[in-house]
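The opening position of the sequence shown corresponds to residue 6 in this note's numbering, with each subsequent residue numbered one higher. Right, one structure below, let's go through it.
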Amino acid sequence: MSEETKPQQEEFFAPVGQAAEQVDQETATEFNDQGIKITGAADAEGHPVQEIQSLCMNCHETGVTRLLLTTIPYFAQVIIMSFQCDHCGFKNSELQPAGAIQEKGSKYTLRIETKEDFNRQVIKQETARCYFKELDIEIPPKRGQMTNVEGLLREMIDDLKSGQEERLKIDKSIHDRIEEFIAKVESTIEGAEGTLPLTFEIDDPAGNSWIEFIPNEAAHKWSHVEYLRSDEQNVQVGLITEDQLEQIRRKKVEELATKERNPTSTGFISDETDIENFNNEVQTFSATCPTCYKPCDTHMKIVNIPHFKDVIIMSTVCLECGYKSNEVKTGGAIPDKGRKITLIVDDAEDLARDILKSETCGLTIPELNLDLTPGTLGGRFTTIEGLLKQVHEELHSRVFQQTSDSMEDQTKSRWTDFFGNLEKAMEGQIKFTVIMTDPLAGSYIQNVYAPDDDPNMTIEDFDRTFEQNETLGLNDMVV
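Set out below in structure tokens:
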């Protein structure tokens, strides 16, 4: 995105509070020849709300559609639309994302423990499903809304009440059960004794819905999980068509039939890169999801890294809740010595080097004031740039964003400088040194000069200390 485009977006997508103040100042009531309201500016871009004459689908007279481009703080840019017909009184409103469909779906969970929690702001897109667990209420995908938790329940109650007169005429027992259910929901909204806590979930395959997050609150109250969409969800968000889905299903059936005819076939074709194990044998084990405790699969594959050793890549994905975990473990016997690897990154091409950081490895970059203790990020097999991005995402989303409001100015300034230097390092604008210390010698940085020595990289073997052996459980190991 160019620097010229950003100020334009900031102008069009003003924060919702600022846009509301500008709307209060609106006095124009006339429309031009194109049916667009005259705002007093040279054109329609001079005012946050665009008003367009539109056909009312209820009485077929002329109504007014209003469009507001705005930004929801800490979330995204959205378009708020409303329609009103003065002839028949018909009204309608909805919300649509102004950005693209996200790479992954999103699932938000809010633990409602007090009456005030019903005031949490909610962005519900037309692809999102809402679920109130203890009430066993599911609101299916429909029009987009900007509301709060109470607003979702109130709208559902109004929908139920609108058909009660007809239900009373047809079946009084159904009418009475619905009245009882409405009373239960209303008492829950009021926070009556025994009705709380309540678990609220919003699941959006498009990744554009949201539940308001309050900094410094208890960790169990709010959670956000991203997951890979299924083929059916890709149809739902419009990424593939029904015909394409049918082709994918037929292909899977054909692959399954082929595997049944040839049990020795793994069903996986190697891409034959230097880093791949040409056998491509992927083992699958049944496991239990640590988040929702439903059955899931764990996949494991042995990969040979040239000029290093075999490593084990493990992946767990839960199709029920979207939990995903990736882990890399080194194989082979425990070495007699640990290993320290030092690499000077003085060229942008060095960012593309493969790097394996095991669970027992500590990583330090003095120029960035970055020090990762053993166990941080777990085992990772990625590139130097990819590792820096993971560090940036973890610290920015889980530490800085959630605590920045309570930070002192000096502390916040240091964090801002840290992220600025980290971003420059990811773009290859500054020189830095990567130091990896692994007491089990299970970490690795790619030598692009192999089999010759790398002039920018040094490798040193060292004797483990008693404390390191104690931490690794080697002192009590009987061999």
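Ideal placement from N, C-alpha and C gives every residue a C-beta, glycine not left out. Note that this is a predicted model, so its numbers are computed, not measured.
Nearest neighbour of residue i, chosen from the options [CA to CA]
i: residue 168; options: 341, 108, 184 and 332; result: 184
i: residue 158; options: 142, 318 and 293; result: 142
i: residue 442; options: 364, 479 and 124; result: 364
i: residue 375; options: 326, 396 and 382; result: 396
i: residue 90; options: 118, 459 and 61; result: 61
i: residue 55; options: 67, 87, 65 and 176; result: 87
i: residue 450; options: 356, 415, 371 and 373; result: 356
i: residue 65; options: 83, 71, 93 and 72; result: 93
i: residue 151; options: 173, 127 and 132; result: 127
Residue i versus residue j: straight-line alpha-carbon distance, rounded
i: residue 209; j: residue 146; result: 9 Å
i: residue 241; j: residue 178; result: 36 Å
i: residue 260; j: residue 251; result: 14 Å
i: residue 63; j: residue 95; result: 7 Å
i: residue 216; j: residue 295; result: 23 Å
i: residue 186; j: residue 201; result: 16 Å
i: residue 204; j: residue 360; result: 41 Å
i: residue 348; j: residue 438; result: 6 Å
i: residue 237; j: residue 471; result: 55 Å
i: residue 277; j: residue 310; result: Low confidence applies here, because residue 277 scores a pLDDT of 42, under 50, leaving its location unreliable and the question unanswered by this model.
i: residue 57; j: residue 390; result: 48 Å
i: residue 383; j: residue 256; result: 36 Å
i: residue 129; j: residue 456; result: 56 Å
i: residue 425; j: residue 290; result: 42 Å
i: residue 380; j: residue 75; result: 42 Å
i: residue 293; j: residue 303; result: 9 Å
i: residue 219; j: residue 340; result: 48 Å
i: residue 254; j: residue 247; result: 11 Å
i: residue 160; j: residue 239; result: 28 Å
i: residue 320; j: residue 333; result: 9 Å
i: residue 373; j: residue 244; result: 40 Å
i: residue 447; j: residue 344; result: 8 Å
i: residue 469; j: residue 229; result: 40 Å
i: residue 69; j: residue 59; result: 5 Å
i: residue 106; j: residue 175; result: 44 Å
i: residue 491; j: residue 233; result: Since the first residue of the chain shown is 6 and the last is 484, residue 491 is not available in this structure.
i: residue 452; j: residue 419; result: 34 Å
Check whether residue i and residue j have beta carbons under 8 Å apart
i: residue 196; j: residue 109; result: no
i: residue 231; j: residue 149; result: no
i: residue 190; j: residue 140; result: yes
i: residue 322; j: residue 301; result: yes
i: residue 386; j: residue 316; result: yes
i: residue 358; j: residue 335; result: no
i: residue 111; j: residue 214; result: yes
i: residue 466; j: residue 329; result: no
i: residue 433; j: residue 338; result: no
i: residue 153; j: residue 124; result: yes
i: residue 308; j: residue 436; result: no
i: residue 85; j: residue 135; result: no
i: residue 479; j: residue 431; result: no
i: residue 299; j: residue 325; result: yes
i: residue 346; j: residue 464; result: yes
i: residue 440; j: residue 369; result: yes
i: residue 400; j: residue 444; result: no
DSSP three-state assignment for residue i, whether helix, strand or coil
i: residue 43; result: Residue placement at residue 43 cannot be trusted, given a pLDDT of 48 that sits under 50; what the coordinates show is reported in the next sentence. Three-state DSSP puts residue 43 in coil, outside helix and strand.
i: residue 300; result: strand
i: residue 5; result: Summary: the structure shown does not reach residue 5, with the chain confined to residues 6 through 484, and so no result is reported for it.
i: residue 257; result: helix
i: residue 340; result: coil
i: residue 475; result: helix
i: residue 277; result: Confidence in residue 277 is poor, its pLDDT being 42 and thus under 50, which makes the residue's placement too unreliable to answer from.
i: residue 308; result: strand
i: residue 362; result: strand
i: residue 96; result: strand
i: residue 466; result: strand
i: residue 331; result: strand
i: residue 372; result: helix
i: residue 88; result: strand
i: residue 290; result: strand
i: residue 218; result: coil
i: residue 480; result: coil
i: residue 225; result: helix
i: residue 131; result: coil
i: residue 250; result: helix
i: residue 206; result: strand
i: residue 120; result: helix
i: residue 238; result: helix
Residue i CB to nearest heavy atom of the ligand SAH below 7 Å
i: residue 171; result: Inclusion of the ligand SAH in the displayed structure is not the case, the ligand content being empty and no account of it being possible.
What runs of the alpha helix (DSSP H), each 4 residues or longer, lie entirely inside the stretch 386-459?
389-400 and 414-431
What are the start and end residues of each continuous alpha helix (DSSP H) run of 4 or more residues lying completely inside the stretch 136-198, in chain order?
154-167, 169-175 and 177-194
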